[in-house]
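Residue numbers for the sequence shown follow numbering that gives the first Met the number 0, beginning at 0 and rising by one.
What follows is one structure encoded as structure tokens, with my remarks underneath.
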Amino acid sequence: MFGKMGDMLGKLQEMKQKADEIKNKLDDITLNVEGAGGDIKIEITGNRKIKNIKVAAALQHGSKEELEE
């Protein structure tokens with residue numbers, strides 16, 4: 000019984016390590032997406048973390064600081 004549990008814990012640790020490796024690889028992937036005819040540009044990682052957003056001046060109705068929040 001304990002042998003099987005030890006095997007399962009070992010497999011669980013291996014799966015966690017692989018998941019961490021995949022997360023690190025996704026951080027290295029960058030996607031650049033454009034919308035509204037190129038007036039909105041977003042740079043995002045494979046882990047869905049937004050790195051940058053650019054909005055054309057014609058679409059900005061508030062201050063740049065308000066949009067960046």
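Built from N, CA and C at the ideal position, the CB exists for glycine as well.
- N31 carries a strand assignment under DSSP once its states are collapsed to helix, strand and coil.
- In terms of Cα proximity to L25, the closest of G45, K17, A57, Q12 is G45.
- In the three-state reduction of the DSSP assignment, K40 falls in the strand class, which pools E and B.
- Where K53 is concerned, the enclosing beta strand (DSSP E) starts and stops at 49-54.
- DSSP places G5 in the helix class (H, G or I) of the three-state scheme.
- The residue from Q16, K22, D38 with its alpha-carbon nearest to that of A57 is D38.
- Cβ atoms of K53 and K40 come within 8 Å of each other, at about 4 Å.
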